[in-house]
Amino acid sequence: MRTVLQAERDRGVSLFEHAEDLASLERAQTEILGRKSPFSEIQRSLGTLGPDERRDVGKLANEARQALNDAVETKRAALDALAETALLAADALDLSLPGRRPRHGSFHPLTIVERELVQVFTSLGFKVAEGPEIEDDWHNFQALNIPPDHPARTMKDSLYVSVPGHPELLLRTETSAVQIRTMQSQPPPVYIVAPGRVFRRETSDPTHSPVFHQLEGLAVAEGITFADLKGTLEAAAKALFGQRRRVRLGPAFFPFVEPGCEVGVSCFKCDGVGCKVCGSGWIELLGAGMVHPQVLENCGYDSERYTGFAFGIGIDRVALLKYAIPDIRMLFDGDVRFLAQFEGVA
Amino acid sequence: MRIVWSWLQEFCPTEATATELAERLTLQGVKVENVIRPWEGLSDVVVARVVSVEDHPDSDKLCVATVDDGTEKLVVCAGVRNFAAGDLVPWAKPGSRVPTLPEPLAPRKLRGVLSNGMLCSPQELNIADVHAGILILNDEGVPVGSDLKTVMGLDDEVLDIEVEPNRPDFLSVLGVAREVSVLTGIPLRAVETGVSEGDDAAADAVSITIDAGDGCPRYVARLVQGVDTSRATPLKVQARLTASGMRPVSNVVDATNYTMIELGQPLHGFDLDRLAGPAIVVRRAAAAERLTTLDAVERELAAEDLLICDADKPIAIAGVMGGATSEVSSSTRDVLLESASFTREGILRTARRLGLHSEASHRFERGVDREGLERAASRCAGLITEWAGGVVARGIAEAGTVVPRRWVSVRPPRASMLLADAVSPKDAREVFDRLDMTHRGSDDEIEVEVPGYRVDIEREVDLIEEIARIRGYDRIGSRIPSAGQIGGVPPAYAFRIRAREALVRAGLREVSLLSFTSKADLALVEDTDAIPVANPLQADEGFLRTRLAPGLLHAAARNRARGADAVAIFEVGTVFRSGDPVQEHSHLAFVLNGRAAGGWAEPERPFDVLDAKGIVEFLMGELAVVEWSLSDTAGTLFHPARSAHLEVGGEQAGVMGELHPAHARTLELDGRVAVVELDLGALMNASRPEFVYADVPRFPPIHRDLAFIVPEATSAGAVAERIKEAGGDLLGQAVLFDVFRGPALPPGSKSLAFSVDFQGDRTLEGEEADAAVAAIVAALGQAFGAELRAG
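These protein sequence lines are chains F and D, in that order. Using the working numbering, read the first sequence as starting at 71 and increasing by one per residue. Using the working numbering, read the second sequence as starting at 51 and increasing by one per residue.
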């Protein structure tokens, strides 16, 4: 009996070991350990033995069964692993294929620049203010120190709208009217920026568009000086075009500021040396100045007590400069080949 | 304004080059945009004497001249024969350069005759815009063989200055020279006004009356008798005028233009013999009065227009343009020179109404030095006698008075505060000394006398600007002000940002389109309340857009025409409608067209309205608009069976649908075009303001898949609604997961399959779910004749 047990054990281990697949392992298991196997017969016939013999052989049989079961499971695990490896190999995928990706959207460059500007100025404590795109003559011109017969009106040809009984209505030529509306609606101090769309009677060409965008800034409080204007614009220039930017003010005329200035930023391409982008090392970026006392008075502010500065940035101009876009009309065409380039730009 | 460099030097001679000075002037507020060199391309053109002129053997148009420059005698062909033997002419020899030609000249055969270079017209030399004949140099006192460039001063430069409307004094050589003098400290030279006068007194020859003192404070006239208008203006003068942007005309007119460019005072010459009286009357026009101006246009005048008249009739529109009947002509002998002061506002109104913009009106509407009338009249009279002969009559004829100078005061501490730059009283006085402005008063308040040419200085802040400008803007420090508040954006602005972000995340590209629309597009969207643009430059910009969709559809069509296989674009922008008096609304719109699937791995399919609806669902989620629904079809722009109005809180907030195929064909868009346009104001009003967390279910749901057979026309949305109602409190969610049609179903019906979850605040029993399902089945049977499909 012991000899048979040992022989079956050896035979089983060898059979299991050599099973080539799960089916042959199953068959071998039945052959060695099944109900009709010599091994099972020995275990069933243990009752015919004497007590000592039964205990010894029984123990031997249990040990052998345990060993055989372990061998089956080890082999099964090995075969399972093999099978899975084969399955995975068959499941191979060429990862150089393009991924399944969601449709890609993109912000318009004007939105990107406007958000950047708004981010800069709100972090300096300015609040965004808005006004209507159809303005009246008083807000767009007269309150800004441009009376009806002022030659400054010829600087910008306005687009008027035909609304019976309202000859005073026009498409705003600057976002400056928002200055007036804000000052009329609240006492100082005022710190606002007003981004928005403005209109001129101009034929589209690479540098002109009848529609473009500005961001107006206004700060009015006690003790505001020219240095506050310069510092604010310097901070904005650095945020937009990099920390190494410097700002240069030069005299300029705008009816609603006095002194007025044109603001140049040291070129971000050549760092102020002079290149194809800037010519002289400086890029004229915007107009600004100290709010004209007449404008403060027009809004009911005490021009002796309060002073302020104002500036107007061309959002389109910044976008053209920043992204080296050669033609302003590209901003307003909706060409997806152009727009797609702004994926991930923020 | 173009300022000729040599002319400027006559008033303020500097050591600096034009380019150097241009930069310094710009920093002081005289914006020099460019330094122009009109004769950069001129070299080695010489003065030659014509030896003989003969017919060309083989051409009627050409002639053959033999010319001699003292070193050689050669043959040149010319296209005109306005010269004869003995004349002096400019000869561009082989190897020389002419500014209007790209290449140096070379010997060239013209119909068989070898031409050694060319003889030049005034236009070819940029001297005057005259090309009718060869330039004749007989009267210029230039020796044969001399270099034309040197002897005629054709090596000049021109400062191209952008003159802002507050500084009309820069519209003259004198005004810019004054600024150069301030900048350099080099004293300004006086204007040459000396004339030798005859015996006749101007005041006896003509009477002057001002009947409209508010429009013309002062009128001065000088008389030049016995001029010869046939004499040519010296070429150097013609060259200067041309370089200044003026056209040389005739000696008297050139003298008035020359004086205007030099001193800024517009002048007008009348032919005295043609003036009734002779008298000058300055008055307002009578209603509907008419005058034919120099440009031969008869103009109807308005009562506000200021006229210059003789004893009988109008002879000029004051400060704008002269009349045709009294102009200086070839028969003129006596010239009456007008040098007058007109108020700014009136000139601008008249010039604008008549659409007449002249050099004179340009200056008068900005402001001319009211103190310079006699100076200009005398200077011009002197030039006329020099170029046209004649005698200047004694004295001036005049009416009116000089408006006295203003005094404006400035407080140095105020200047210091505003400029953030310590300006002492001494500093301020130094600035006004440099500006040659008289001042008086105390250290606390300096009073400054404003010269007539500084029309821009009206109040203290204008003087503070002068202090800043003269001391230099680079003195100004830099400081970031403390706003004392937290910055931020208003809710409507923030909401638009959220909408943009949502649509970009949904895979759309943002566009920015012009705010205009055309009549055709308005017809397309059936809008009749659009606001017309009163003065559009282009017909397709005749109205303000009432919706964003038409612009987006055109943009989509442009993209498809360029070969884009898919377009998914949106815009957030303002639309306009008339109403009390105008309305502006913030809209959002998007258009989908073309291939919807993203890449190789998905089956190709075109965008349709359900893609649009999916984006709307996503957008509403992002914007926290919970209550929204679709109602009936959305108008003739759309496919009647694939569109709907979108309602928010029971009010119309937009449209969603596929473009009507007929319109798609018109717009040249292939396939289905999904369009959505929404009113952002309505969405914002419906956006859930606050958010509070709700408990997540603690017990597992019971899940049932229910398929119902319903008639084809049944709305899936209505079925889902009914399921929710009938399912009662236990119903967690009911999501449509399949729509099936096929032979297994009765004809004219479809199967809608919903995945339904029942949820309670405890573990539900199967029987409870079964009861709810039974209620749903009963309700759907009643409402739609729906039957539960055996499954």
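Cβ atoms here follow ideal geometry from the backbone N, Cα and C, with glycine treated the same way.
In chain F, what lies closer than 9 angstroms to D:Leu313 by C-beta? Within 9 angstroms Cβ-Cβ: nothing; D:Leu313 doesn't reach chain F, min ~20 angstroms.
I'd like the span of the beta strand (DSSP E) that includes F:Trp352, first residue to last. Per DSSP, the unbroken beta strand (DSSP E) holding F:Trp352 starts and ends at 352-361.
Sequence-distant residues of its chain with Cβ nearer than 6 angstroms to F:Arg316 (five each side left out): Excluding five sequence positions before and after F:Arg316, the CB atoms of its chain that fall closer than 6 angstroms to its own CB belong to Ser336, given in chain order.
Expressed to the nearest angstrom, what Euclidean distance is found between the alpha-carbon atoms of D:Arg610 and F:Leu163? One Cα belongs to D:Arg610, the other to F:Leu163, and the distance between them is close to 34 angstroms.
Rounded straight-line distance, which links the Cα of F:Gly359 to that of D:Pro144: Answer to the nearest angstrom: the Cα atoms are 57 angstroms apart.
Counting only beta-carbon separations shorter than 7 angstroms, does F:His236 have a partner in chain D? So, interface residue.
Roughly how far, in whole angstroms, is the beta-carbon of F:Pro229 from the beta-carbon of F:Glu203, given that I think they are within contact range, below 8 angstroms? For the record, residue 229 of chain F in the displayed sequence is Leu; it is not Pro. Incorrect: roughly 11 angstroms between the Cβ atoms, too far for contact.
I'd like to know whether the C-beta of F:Ile216 is nearer than 7 angstroms to at least one C-beta of chain C. The structure shown has no chain C; the protein chains it does contain are F and D.
Outcome for D:Val302 when other beta-carbon atoms lying within 10 angstroms are tallied against a minimum of 16: Result: buried.
Please list the segments of the beta strand (DSSP E) lying wholly inside the segment 203-243 of chain D, counting only runs of 3 or more residues, in order along the chain. As far as the segment 203-243 of chain D is concerned, its whole beta strand (DSSP E) runs of at least 3 residues are 208-212.
Starting from the beta carbon of D:Met670, find every residue of chain F whose beta carbon is closer than 9 angstroms, and list them in chain order. Neighbours of D:Met670 on chain F: none; closest Cβ ~17 angstroms, over 9 angstroms.
Rounded to whole angstroms, what is the Cα-Cα separation between D:Asp630 and F:Pro237? Rounded to the nearest whole angstrom, the C-alpha separation of D:Asp630 and F:Pro237 is 14 angstroms.
Under 8 angstroms by beta carbon: chain D residues contacting F:Ser232: Chain-order list of chain D residues neighbouring F:Ser232: Ile581, Pro582, Val583, Ala584, by C-beta distance under 8 angstroms.
State the DSSP-derived secondary structure class of D:Lys159, mapped to helix, strand or coil. Shown here, D:Lys159 sits in a strand according to DSSP, grouped into three states.
CA-to-CA distance, F:His278 to F:Arg484, given in whole angstroms: In the structure as shown, chain F starts at 71 and stops at 416, and residue 484 of chain F therefore has no counterpart that could be examined.
Given this structure, state the Cα-to-Cα distance separating D:Pro796 from D:Phe790, to the nearest angstrom. In this structure, the CA atom of D:Pro796 is about 12 angstroms from the CA atom of D:Phe790.
Paired residues, beta bridge with D:Ala803 - DSSP: Bridge partners of D:Ala803: D:Ala757, D:Asp788.
Mind listing the chain F neighbours of D:Met310? Cutoff is C-beta to C-beta under 7 angstroms, in chain order. Near D:Met310 there are no residues of chain F at all, since even the closest Cβ is about 17 angstroms away, more than 7 angstroms.
Within 10 angstroms of the Cβ of F:Asn210, are there 16 or more other Cβ atoms? Answer buried if so, exposed if not. By the beta-carbon neighbour count (other beta carbons within 10 angstroms, threshold 16), F:Asn210 is buried.
I need the boundaries of the alpha helix (DSSP H) containing D:Asp820, first residue and last residue. Note, D:Asp820: alpha helix (DSSP H), 816-834.
Cβ pair D:Leu185, D:Cys170 closer than 7 angstroms: Yes, these two residues count as a Cβ contact at 7 angstroms.
Please confirm if D:Leu317 has its CB atom under 7 angstroms from at least one CB of chain F. D:Leu317 does not count as touching chain F.
The segment 197-210 of chain D in contact with the segment 294-304 of chain F per 3-pair CB rule at 8 angstroms: By the criterion of at least three beta-carbon pairs nearer than 8 angstroms, the segment 197-210 of chain D is not in contact with the segment 294-304 of chain F.
Could you check what DSSP says for D:Val274 in three-state terms: helix, strand or coil? In the three-state reduction of the DSSP assignment, D:Val274 falls in the strand class, which pools E and B.
Measure the alpha-carbon distance for F:Gly378 versus F:Ala289 and round it to whole angstroms. Straight-line Cα distance between these residues: approximately 5 angstroms.
Check the Cβ of F:Asp372 against every Cβ in chain D and list those closer than 9 angstroms, keeping chain order. Against chain D, the beta carbon of F:Asp372 has no neighbour under 9 angstroms; the closest one sits roughly 14 angstroms away.
Along chain D, in chain order, which residues have C-beta atoms closer than 8 angstroms to that of F:Met445? Here chain F covers residues 71 to 416 and nothing more, so residue 445 of chain F does not appear.
Neighbourhood of D:Ala542 by C-beta, 6 angstroms cutoff - its chain only, sequence neighbours within 5 removed: Excluding sequence neighbours, D:Ala542 sits near nothing in its chain.
Uninterrupted alpha helix (DSSP H) stretches inside the segment 525-578 of chain D (no shorter than 4 residues): Listed in chain order, they are 541-555, 569-574.
Which runs of the alpha helix (DSSP H), 4 residues or longer, sit entirely within the segment 311-387 of chain F? As far as the segment 311-387 of chain F is concerned, its whole alpha helix (DSSP H) runs of at least 4 residues are 363-368.
Nearest-angstrom Cα separation, counted from F:Asn132 out to F:Ala424: Here chain F comprises residues numbered 71 to 416, so residue 424 of chain F is not present and cannot be evaluated.
Name the DSSP bridge partner or partners of D:Arg349? Bridge partners of D:Arg349 according to DSSP: D:Leu341.
Are the C-beta of F:Ala297 and some C-beta of chain D separated by less than 7 angstroms? It does: the Cβ of F:Ala297 has a partner Cβ on chain D nearer than 7 angstroms.
Residues in its own chain within less than 7 angstroms of D:Gly527 by CB, not counting five upstream and five downstream? Only Ala470 meet the Cβ criterion.
Distance CB(D:Val698)-CB(D:Ala674) smaller than 7 angstroms: Their beta carbons are not under 7 angstroms apart, which means D:Val698 does not touch D:Ala674 by this criterion.
Are the beta-carbon atoms belonging to D:Ala390 and D:Tyr503 less than 7 angstroms from one another? In this structure, D:Tyr503 does not lie closer than 7 angstroms to D:Ala390 by Cβ.
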